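**Q** Residue numbers for the sequence shown follow our numbering, so the first one is 8 and each next one is one higher.
In this text, a Cβ means the ideal position worked out from N, Cα and C, and glycines have one as well.
Only a predicted model underlies this, so the values are computations on that prediction, with no experimental measurement involved.
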Amino acid sequence: MTDNKLMFFVDFDGTITVNDICYTMVKVFAAEGWQELNRLWEQKVISTEECAQGTLHLMDVKPAELEEFFYAQELTPGFPTFVDWVRSHEYPLYILSDGYDNYIDIVLQRHGLEIEYYANHLKYDAGRWQFVSPYPDDDCQECGVCKKALIEQKLQPGYRTVYIGDGYSDTCPAQFCDTVFARDTLASYCEQNDIPYHPYQNFYQVLEQLQKGRLWK
Numbered sequence: 008m009t010d011n012k013l014m015f016f017v018d019f020d021g022t023i024t025v026n027d028i029c030y031t032m033v034k035v036f037a038a039e040g041w042q043e044l045n046r047l048w049e050q051k052v053i054s055t056e057e058c059a060q061g062t063l064h065l066m067d068v069k070p071a072e073l074e075e076f077f078y079a080q081e082l083t084p085g086f087p088t089f090v091d092w093v094r095s096h097e098y099p100l101y102i103l104s105d106g107y108d109n110y111i112d113i114v115l116q117r118h119g120l121e122i123e124y125y126a127n128h129l130k131y132d133a134g135r136w137q138f139v140s141p142y143p144d145d146d147c148q149e150c151g152v153c154k155k156a157l158i159e160q161k162l163q164p165g166y167r168t169v170y171i172g173d174g175y176s177d178t179c180p181a182q183f184c185d186t187v188f189a190r191d192t193l194a195s196y197c198e199q200n201d202i203p204y205h206p207y208q209n210f211y212q213v214l215e216q217l218q219k220g221r222l223w224k
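(1) When you compare the CB positions of N114 and F77, do they come within less than 8 angstroms of one another, or not?
(2) Helix, strand or coil for Y78, going by three-state DSSP, please let me know.
(3) Excluding the 5 residues flanking D27 on each side, which residues of the same chain have their C-beta closer than 6 angstroms to its C-beta?
(4) G85 to L162, Cα distance in whole Å?
(5) My output table needs one value for D105: the three-state DSSP class, helix, strand or coil.
(6) Three Cβ pairs or more, each shorter than 8 angstroms: is that satisfied between the segment 56-74 and the segment 154-173?
(7) Would you call F138 buried or exposed, if buried means 16 or more other Cβ atoms sit within 10 Å of its Cβ?
(8) For A38, count neighbouring C-beta atoms within 10 Å of its own C-beta (all shown protein chains included) and say buried if the count is 16 or more, exposed if not.
(9) Using only CA atoms, which one of D132, C153 and G134 lies nearest to Y142?
(10) Please state whether DSSP places A126 in a helix, a strand or coil.
(11) Could you spell out the range, first to last residue, of the beta strand (DSSP E) harbouring F183?
(12) Does DSSP classify G172 as helix, strand or coil?
(13) At 3 residues or longer, what runs of the beta strand (DSSP E) sit wholly inside the segment 138-165?
(14) Could you tell me whether the segment 168-175 touches the segment 184-194, where touching means 3 or more Cβ pairs closer than 8 angstroms?
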């Protein structure tokens, strides 16, 4: 194992969890029209906030039903083992999500995990769902949670950054972190933009690569 001090920044939807919970939630509970909003978001025509607000207006579901859906979501295999390993080395670990704290809380608590995280919030008011973004970048406004800004805030001298993700909101931090683990959309982005990355499908594979060392760009 390398002697480098590491800091870990990990996406949530589709990375820590098997499903992209936000995408699946919309697919299950939103009326027609969300697909076009999602397409425009992926093409960077509209921001996360614009996509979310428009999509949430298409959702007619009560909080109790949504919570039941959240409780059914599963972790990607190996994630608790990965967390144990990170903590045994006293490396900082943060979850950075452009999804929602409503389900992150539920999933982590269900599996007995306490991890510092940053995410958007779903607010239910007068029978409507609303998007709340506590961590935007006012200059960019592309994502609800600016992962790059948060990494820059958390970065400590002498540490190397490891980013693990799978999706569109992970493409920005993947450009400047020292080591990237990627799959699905993020892996395609890395290949198209000549960004070195390590492929993975579960956290056992991530852990295996970390233990081998020689991870740096």
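**A** Taking the structure as given:
(1) Correcting the residue type first, residue 114 is Val in the shown sequence and not Asn. Their beta carbons are under 8 angstroms apart, which means V114 touches F77 by this criterion.
(2) helix
(3) Counting only Cβ-Cβ distances below 6 angstroms, and skipping sequence neighbours, we find D20 and G21.
(4) 25 angstroms
(5) strand
(6) Contact fails: fewer than three Cβ-Cβ distances are below 8 angstroms.
(7) Result: buried.
(8) It is exposed - the Cβ of A38 has fewer than 16 other Cβ atoms within 10 Å.
(9) Looking at D132, C153 and G134, the one whose alpha-carbon comes closest to that of Y142 is C153.
(10) strand
(11) Taken as a continuous stretch (DSSP letters only), F183 belongs to no beta strand (DSSP E), as it is neither H nor E.
(12) strand
(13) Complete beta strand (DSSP E) runs here, min 3: none at all.
(14) Result yes; three or more Cβ-Cβ pairs closer than 8 angstroms.
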